[in-house]
Each structure stands twice: as C-alpha cells, then as structure tokens.
Amino acid sequence: MKKVTEWKYLGDVLNSDGKCDSNIKERVRKGTGASIQVCQMLSDLCLGKYYFQSAMILRTSLFLSTLISNSEAWVNVSAKNVSDLERIDEQLLRNFLSAQRNTPKETLYLETGSIPVRFVVIARRINFLYHILCEDKDSLLSRFFQAQCSEPIKGDWISTVKKDLDYLNINLSF
1 MKKVTEWKYL
11 GDVLNSDGKC
21 DSNIKERVRK
31 GTGASIQVCQ
41 MLSDLCLGKY
51 YFQSAMILRT
61 SLFLSTLISN
71 SEAWVNVSAK
81 NVSDLERIDE
91 QLLRNFLSAQ
101 RNTPKETLYL
111 ETGSIPVRFV
121 VIARRINFLY
131 HILCEDKDSL
141 LSRFFQAQCS
151 EPIKGDWIST
161 VKKDLDYLNI
171 NLSF
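Residue 31 in this note's numbering sits at position 31 of the sequence shown; the count goes up by one each step and never skips.
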C-alpha cells in the first residue's frame, strides 16, 4: 500500500495530520468558480425586479452547495478556515449589491437577508447530530458517535458539536 499525506475522498481533501487547510483551500477555489458562474448567470438573464430574489436562490443552491458540501462532517476547522469561506461569500454578496470593498459585512447580510457561512455550517452540524441520534444504536454511525463520546480528542467532531451547542446556549445531553 502506498503511503500518502493527502488524498481526495468524496469531494473532500483529507490530510494525514488531521488538519483541513487543504480542503478549505480547495473549497475556496471551487467557491470562487461557483461565484463567477452565479454572477455570469445573473448578468446573462433579464430578471428585472426578481434579480435579488434570483441571486439569493442561486447563492443557496449553487454557491453554498459547492462551498460547504459535506461541512457537517468536517473536523479541526479553524477560525481562519471559516473566515476564508466567509470572505468568498461576502465577495459574492458585494457583487450582488454592487457594493464597495469597505461596505460593512453586517450590511451585506442584513440587506440580502442572508446568514453567514459559519452559522450555516453550525446548523448543518447540529442537524447531522440529530440524524445520528435518531439512528439505530447498532449502526456503524451510531457506534462511531458513541466511541467519540466515550473518548473525545481535542478537535474531533464531537468536541466541535459540543462547542456549537455551548455557543448557541443549547444545554441538552445526547
């Protein structure tokens, strides 16, 4: 068997050191391409008063699905990784609004009614947790979850979900 430090599996780049920097870098690259594609579609179509509504649908369906696909299972995601993902999203929102670079991020999200990427990822993780908790106790996924609960490691999935639950003030046990 060949020893590798990095490999691609189901669209994600996995590293032997457990970090996700290369995966995020690849996602930013793909997200940039999806952003260009969305902006091109919006400029090619004559949408009139439905421009912003269409832009938000394309953001959700094409851009975010490309940028954060499988994000519910990511581990060791740093604050820098999240800001890299959000930077691409904010640039797309600036393009929608023809806003300048110095336009506050809060304004972009408020004006478009969007949710920042970090909260979308948190929501996906919590929904995945719900899915795992509803699984049959003998399923592989459930057994893996139970193993992580019994012996958590810093930066693993269960630790990340616990941080998310604490951040949202959700004080429930598994």
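Where a beta carbon is used, it is the ideal one built from N, C-alpha and C, also for glycine.
Note that the structure is predicted; figures quoted are calculated from it, not measured.
* Asked: Under three-state DSSP, which class holds L42?
  -> Within the sequence shown, residue 42 is the residue found at index 42, counting from 1. Looking at L42 - three-state DSSP - the assignment turns out to be helix.
* If you drop the 5 nearest sequence neighbours on each side, which residues of the same chain put their C-beta closer than 7 Å to that of Q148? -> Position 148 of the sequence shown, counting from 1, holds the residue named residue 148. Result list for Q148: D156, W157 and I158, in chain order.
* Would S108 pass as a contact of L97 if the rule is Cβ separation under 8 Å? -> Numbered from its first residue, the sequence shown carries residue 108 at position 108. Numbered from its first residue, the sequence shown carries residue 97 at position 97. Reading the sequence as shown, one finds Leu at residue 108 and not Ser. Result yes, Cβ atoms of L108 and L97 sit closer than 8 Å.
* Asked: Are at least three pairs of beta-carbons, each pair with one atom in the stretch 19–34 and one in the stretch 48–67, less than 8 Å apart?
  -> yes
* Asked: Assuming V75 and T5 make a contact with CB atoms under 8 Å, what is their CB distance in whole Å?
  -> By 1-based counting over the sequence shown, the position of residue 75 is 75. By 1-based counting over the sequence shown, the position of residue 5 is 5. That pair is no contact at about 17 Å.
* Asked: Just the Cα atoms here: how many angstroms apart are I57 and K137?
  -> In the sequence shown, the residue the question calls residue 57 occupies position 57. In the sequence shown, the residue the question calls residue 137 occupies position 137. C-alpha separation (whole angstroms): 37 Å.
* Asked: Just how far apart, CA to CA, sit V121 and D164?
  -> In the sequence shown, residue 121 corresponds to position 121, counting from 1. In the sequence shown, residue 164 corresponds to position 164, counting from 1. Taking the straight line from one Cα to the other gives about 10 Å.
* **Check whether V28 and D84 have beta carbons under 8 Å apart** => For the purposes of this step, residue 28 is taken as the residue at position 28 of the sequence shown. For the purposes of this step, residue 84 is taken as the residue at position 84 of the sequence shown. Yes.
* Got a sec? Which residues, its chain only, sit under 8 Å from S43 by beta carbon, not counting five neighbours each side? -> Taking the sequence shown and counting its residues from 1, one reaches residue 43 at position 43. Excluding sequence neighbours, S43 sits near nothing in its chain.
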